[in-house]
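All remarks here apply to the structure that follows.
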Amino acid sequence: MSATALVIALASVMLNTAAQLFLKAGTNVVGTVSFGGRDTVQTLLDIARVPWFWAGFLCYGISIFTWIATLSRAPVSVAYPLLSVGYVVNAIVAWWLFNESLGAQKLLGIGFIIVGVVLLTVNPPK
96 MSATALVIAL ASVMLNTAAQ LFLKAGTNVV GTVSFGGRDT VQTLLDIARV PWFWAGFLCY
156 GISIFTWIAT LSRAPVSVAY PLLSVGYVVN AIVAWWLFNE SLGAQKLLGI GFIIVGVVLL
216 TVNPPK
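When the count follows this note's numbering, it moves up by one through the sequence shown with no breaks and lands on 221 for the last residue.
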């Protein structure tokens, strides 16, 4: 994977990660969200009033275009596993911002993800 493709891919991953964190911040404002039944319209109106949700939607939208740019430069079999980097960043930031747990098992899993991403993206010397 070229350096350019890697930078664009990581930008896309970070946008996707930011979207998740913004959406979580939005749910912290509106509470439990349910769809279906007669409360669906009210739920949608509640969501529409929270800026965190709009920030999340915007990040998702931009990430679609950066992801398309990534896929035009790198094989999907290399690019797609990079999305797991988002889990690593998301878990750490959620621990920091939302006081979510980050125990030994999660940290071990994060370590495996990092090793896997490195193995898939680093080109061996020829």
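Idealized CB from N, CA, C, for every residue including glycine. None of the values given here were measured: they were computed from a predicted structure.
Item                                                                                                                                            : Value
Which same chain residues end up closer than 6 Å to N111 when comparing Cβ atoms and leaving out the 5 residues on each side of it in sequence? : S158, G181
Please state if the CB of A143 and the CB of S97 are separated by a distance shorter than 9 Å.                                                  : no
Closest to C154 by CA distance: which of T138, V188, F117 is it?                                                                                : F117
Taking the alpha-carbon of N123 as reference, which of A106, T165, L192 has the nearest alpha-carbon?                                           : L192
Mapping DSSP to helix, strand and coil, what is S129?                                                                                           : coil
In terms of residues, what are the limits of the alpha helix (DSSP H) holding D134?                                                             : Premise fails: D134 is in no alpha helix (DSSP H) and is neither H nor E.
Nearest-angstrom Cα distance between A189 and D141?                                                                                             : 23 Å
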